[in-house]
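Okay, so here's the structure we're looking at.
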Amino acid sequence: MSAGENVLLTLWVGGLWITGYLVVPALFASLDDRMLAGDLAGSVFSLMSWVGLACGGLLLLGEVLRQRGRSLTAWRLWVLAAMLVIVAIGLFALQPQMQALKAQGIGPGSVQAIEFGRLHGVSSVLFLINSILGLVLVGAGMRPTAKA
Numbered sequence: 237m238s239a240g241e242n243v244l245l246t247l248w249v250g251g252l253w254i255t256g257y258l259v260v261p262a263l264f265a266s267l268d269d270r271m272l273a274g275d276l277a278g279s280v281f282s283l284m285s286w287v288g289l290a291c292g293g294l295l296l297l298g299e300v301l302r303q304r305g306r307s308l309t310a311w312r313l314w315v316l317a318a319m320l321v322i323v324a325i326g327l328f329a330l331q332p333q334m335q336a337l338k339a340q341g342i343g344p345g346s347v348q349a350i351e352f353g354r355l356h357g358v359s360s361v362l363f364l365i366n367s368i369l370g371l372v373l374v375g376a377g378m379r380p381t382a383k384a
């Protein structure tokens, strides 16, 4: 990986971990108003998703150009593609549905609350998968490459 790719990967994966495992838990621990904490968390996740699309898109483009015809067997390409699909699902499918449910009002035990909980669970699992895939890429990027 080039230095620029390392920076992009660091911004994306580091941002994932900082957002999901430090900032958002701190919001819920610090704010008494859980709705406000949730709104702020949603905003931070949305911003991080856009960062992911930008960084991930550039990383994927670089990997495609580097691999040329061998791209179907390049594992990094597939990991990046999977991560981008996960980000897109979260940003363009899950987050809008969750926002729509919140706009309707979520009462305890309501149909909206149950559906919101389901979507939140799916979103959390996808975020965890992306976090782990990102660590795989970071770990692989830190290994010295064999010289030809």
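The sequence shown maps to residues 237 to 384 in the working numbering.
We treat Cβ as the ideally placed atom computed from N, Cα and C, and that holds for glycine.
- Rounded to the nearest whole angstrom, the C-alpha separation of A273 and Y257 is 14 Å.
- Here L320 really is in contact with G292; their C-beta atoms are around 5 Å apart, less than 8 Å.
- A straight-line Cα-Cα distance of about 24 Å links L337 and S266.
- For E351, same chain residues with a beta-carbon under 7 Å away, outside a window of 5 residues either side, are L337 in chain order.
- The C-alpha of L296 lies about 10 Å from the C-alpha of A290.
- Under the three-state reduction of DSSP output, M237 falls in the coil class, being neither helix nor strand.
- Here the region 363-378 makes contact with the region 246-263; the two share three or more CB pairs at distances below 8 Å.
- Between S285 and V323, the C-beta gap is smaller than 7 Å, which places the two residues in contact.
- Only residues of its own chain outside the window of five on either side were considered, and among them C291, L294, L295 have a CB closer than 7 Å to the CB of L244, listed in chain order.
- Contact check for G288 against E241 fails: the beta carbons are separated by 7 Å or more.
- For Q348, the CB contacts under 6 Å within the same chain, skipping 5 residues up- and downstream, are L337, Q340, I342 in chain order.
- Spanning the alpha carbons of G353 and V280 requires a straight line of approximately 19 Å.
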